[in-house]
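In what follows, a structure is listed as structure tokens, so that the remarks can point back to it.
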Amino acid sequence: MRSNLFDATNQERQTTDRWALQSSKMLRCALQPQSPEIIAAAGAMVAYQGQMDFAYQGSGGGMKLLKKLATGEGGNLMHVRGQGEVFFAKNAEEIFLLQLEGDAITLNTKNLLAFDSSIQWDIRSLGAGGFMAGGLFNLFLQGQGMVAVTSDGPPMLLDCSQQPTYVDPQAAVCWSANLQPQIKNDFKMGSLIGRGSGESFQLGFHGPGFVVVQPSEGAPVVTSS
Numbered sequence: 001m002r003s004n005l006f007d008a009t010n011q012e013r014q015t016t017d018r019w020a021l022q023s024s025k026m027l028r029c030a031l032q033p034q035s036p037e038i039i040a041a042a043g044a045m046v047a048y049q050g051q052m053d054f055a056y057q058g059s060g061g062g063m064k065l066l067k068k069l070a071t072g073e074g075g076n077l078m079h080v081r082g083q084g085e086v087f088f089a090k091n092a093e094e095i096f097l098l099q100l101e102g103d104a105i106t107l108n109t110k111n112l113l114a115f116d117s118s119i120q121w122d123i124r125s126l127g128a129g130g131f132m133a134g135g136l137f138n139l140f141l142q143g144q145g146m147v148a149v150t151s152d153g154p155p156m157l158l159d160c161s162q163q164p165t166y167v168d169p170q171a172a173v174c175w176s177a178n179l180q181p182q183i184k185n186d187f188k189m190g191s192l193i194g195r196g197s198g199e200s201f202q203l204g205f206h207g208p209g210f211v212v213v214q215p216s217e218g219a220p221v222v223t224s225s
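The sequence shown runs 1 to 225 under the numbering used here.
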């Protein structure tokens with residue numbers, strides 16, 4: 001049988017690294033019984049080799065559970081443990097790895113792919129106006145370990161230290177944990193920004209740090225008539 005499907009570029013890349021990109025859109029994670037588990041977005045697993053166990057993570061109990069019940073954020077996670085390799089992807093989006101070294105980052109929950117279970121996580125509030133903007137709660141990650149995030153298209157890194165920066169909540173991928181975004185309302189009667197009324201709100205960032213923006217607001221929300 002002949003096909004460019006069998007080209008070396010499409011074959012599994014053998015590596016001893018625990019986290020490795022198979023391509024810009026596919027992540028390979030190697031697991032051993034004694035190694036830390038991986039927490040991944042539910043539904044992100046596309047294949048695995050060896051013996052793997054997948055368990056629903058839930059919301060973490062306590063305040064995490066209350067926030068999940070109120071917002072629907074942060075609950076669709078799963079624990080992955082075992083021996084072998086597991087492959088993650090999400091809607092053919094671009095994947096980027098971030099190595100946390102005791103520092104922290106905040107990210108949009110829908111852009112999470114996976115992270116080491118050694119990393120502490122929590123659901124954080126952005127303020128009262130964020131609910132209408134579609135971003136009242138986001139995921140805060142801190143500690144030692146790897147984080148994989150996705151971007152719907154090539155991302156842009158913006159420096160927020162020089163001037164105020166405003167981002168559509170659906171386009172914000174992640175940002176420096178020290179930044180405290182403010183909700184900015186640009187609503188004017190008869191004039192809306194973006195695809196829907198929620199996008200009359202933006203997240204405002206200003207201070208030493210960065211925000212990563214994807215060139216997409218995500219899939220349109222379909223409502224029944």
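Even for Gly, the Cβ is constructed at its ideal location relative to N, Cα and C.
As the structure is a computational prediction, the values presented were derived from the model and not from experiment.
At the level of alpha carbons, what is the spacing between residue i and residue j?
i: I95; j: Q170; result: 17 Å
i: Q32; j: Q202; result: 43 Å
i: Q14; j: E217; result: 35 Å
i: G204; j: F210; result: 12 Å
i: T109; j: M1; result: 43 Å
i: G82; j: Q51; result: 6 Å
i: G143; j: S3; result: 45 Å
i: L139; j: F54; result: 21 Å
i: G84; j: D17; result: 12 Å
i: A104; j: G153; result: 24 Å
i: G60; j: F6; result: Any reading at G60 must be qualified, since the residue scores a pLDDT of 49, below 50, and its modelled position is unreliable; no value is offered.
i: Y166; j: A8; result: 43 Å
i: N10; j: P164; result: 43 Å
i: S23; j: A41; result: 19 Å
i: C29; j: G102; result: 21 Å
i: S125; j: K25; result: 30 Å
i: I123; j: Q49; result: 32 Å
i: S151; j: E93; result: 6 Å
i: I39; j: D168; result: 27 Å
i: M45; j: P215; result: 24 Å
i: Q162; j: L21; result: 33 Å
i: L69; j: G43; result: Interpretation of L69 is limited by its pLDDT of 39, a score under 50 that renders its predicted location unreliable; the figure taken from the coordinates is listed afterwards. One C-alpha to the other measures close to 20 Å.
i: V80; j: Y56; result: 9 Å
i: L27; j: Q34; result: 21 Å
Suppose contacts are defined by Cβ-Cβ distances below 8 Å. Is residue i in contact with residue j by that definition?
i: K90; j: L113; result: yes
i: F115; j: M146; result: yes
i: P181; j: S118; result: no
i: C160; j: N111; result: no
i: V149; j: L98; result: yes
Below 6 Å CB to CB, which residues in the same chain sit around residue i once its five sequence neighbours on both sides are set aside?
i: L156; result: Looking at the sequence shown, residue 156 is not Leu but Met. Same-chain partners within the cutoff: V213.
i: A47; result: F87
i: L179; result: F205, G207, G209
i: N76; result: A42
i: Q120; result: Q142, G143
In the structure shown, what three-state DSSP assignment does residue i receive?
i: K90; result: coil
i: K184; result: strand
i: T109; result: helix
i: K64; result: With a pLDDT of only 49 at K64, under the threshold of 50, the placement of this residue in the model should not be trusted, and no figure is reported.
i: P215; result: coil
i: T9; result: helix
i: N235; result: Any answer about residue 235 is impossible in this case: the structure gives the chain only from 1 up to 225.
i: A55; result: strand
i: C160; result: coil
i: T16; result: coil
i: Q22; result: strand
i: A30; result: strand
i: L179; result: coil
i: I119; result: coil
i: S35; result: coil
i: L126; result: coil
State the beta-bridge partners of residue i as determined by DSSP.
i: S101; result: The question names Ser, but residue 101 is Glu in the sequence shown. BP columns for E101 point to Q144.
i: G50; result: G84
i: A40; result: M78, A114
i: V167; result: L203
i: V149; result: F96, L112
Could you pull out every residue in the same chain whose Cβ sits closer than 8 Å to the Cβ of residue i, ignoring the five residues on either side in sequence?
i: G184; result: The displayed chain sequence assigns Lys, not Gly, to residue 184. Same-chain partners within the cutoff: Y166, F201, Q202, L203, G204.
Residues in its own chain within less than 7 Å of residue i by CB, not counting five upstream and five downstream?
i: L158; result: T165, F210, V211, V213
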